[in-house]
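Structure record follows, encoded as structure tokens.
In this note's numbering, the protein residues as written are 9 to 238.
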């Protein structure tokens, strides 16, 4: 099927660049507009399922906190608020660079798109490095989940291990999403470097950008919940 008359799903601006050779409209879509809108809807539905997934963990945290309030209150003081706060700033900056990357792709600015995506990737790597050192500190001090909890000096005893079980589960799953996000960013970064995105086709960049903003948003909830409130 010829692609010369199709855009990414939004009206093409006058004088916009030609579609990349890799772009095509699937046979089950009658136009690029329908394909683009369907893809965007699919991304939003996926993000809703992610919110429900993390929502379940937030609810579990609230239940356990009500059952072991004193233990949660004592245990959360052993988290490194400086590292957690630094990671919050890092992810907020990564959301900014991702947004700028999407915008530059929409404006057919190849060089700027590559730069912004590379900066986003660097921020993600920084987040994981900081999280590694934070996890290492917990392992050394015996601040581990459930029955593996061996730290001493806690007034609430082994109950503090329940807090760290929630902590490692929630931050671990979030960290996995960061790793997945890095893989997706590398994918669109390579494609952007090849000049595959322009004002007429940028759907993959936008989709990955939406996913990354969700990853950032979830951490913005995790940080105060675990580090500040306990």
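Glycine is no exception: its CB is placed at the ideal position from the N, C-alpha and C atoms.
Under a three-way DSSP split, which group does residue i fall into?
i: residue 116; result: coil
i: residue 207; result: coil
i: residue 151; result: coil
i: residue 157; result: coil
i: residue 217; result: helix
i: residue 87; result: coil
i: residue 163; result: coil
i: residue 229; result: helix
i: residue 202; result: coil
i: residue 30; result: The predicted position of residue 30 is uncertain, since its pLDDT is 49 and thus under 50; a value taken from the coordinates is nonetheless stated next. Three-state DSSP puts residue 30 in coil, outside helix and strand.
i: residue 236; result: helix
i: residue 224; result: helix
Please check the pair residue i and residue j, which I expect to be a contact at CB under 8 Å, by giving their CB distance rounded to whole angstroms.
i: residue 246; j: residue 84; result: Limits of the chain in this structure are 9 at one end and 238 at the other, which puts residue 246 out of reach.
i: residue 218; j: residue 51; result: 5 Å
i: residue 152; j: residue 180; result: With a Cβ gap of about 12 Å, residue 152 and residue 180 do not count as contacting.
i: residue 147; j: residue 79; result: Not quite, the Cβ-Cβ distance comes to about 20 Å (not below 8 Å), so this is no contact.
i: residue 173; j: residue 161; result: With a Cβ gap of about 19 Å, residue 173 and residue 161 do not count as contacting.
i: residue 206; j: residue 74; result: Wrong, their Cβ atoms sit about 53 Å apart, outside the cutoff.
So, using beta-carbon positions, are residue i and residue j closer together than 8 Å?
i: residue 230; j: residue 178; result: yes
i: residue 220; j: residue 182; result: no
i: residue 108; j: residue 135; result: no
i: residue 82; j: residue 163; result: yes
i: residue 121; j: residue 133; result: no
i: residue 176; j: residue 166; result: no
i: residue 196; j: residue 216; result: yes
i: residue 88; j: residue 144; result: no
Between residue i and chain D, is the shortest Cβ-Cβ distance under 8 Å, so that the two count as touching?
i: residue 49; result: Among the protein chains of the structure shown there is no chain D, as only one such chain exists.
- Task: Give a yes or no on contact between the segment 54-68 and the segment 104-122, applying the rule of three or more CB pairs nearer than 8 Å.
- Result: no
- Query: For the segment 178-196 against the segment 119-131, are there 3 or more C-beta pairs whose distance is under 8 Å?
  - Reply: yes
- Evaluate the contact criterion for the segment 196-208 versus the segment 132-140: three or more CB pairs, one atom per stretch, below 8 Å. no
- Message: My parser needs the alpha helix (DSSP H) runs of 4 or more residues fully inside the segment 49-90; what are they?
- Response: 77-83
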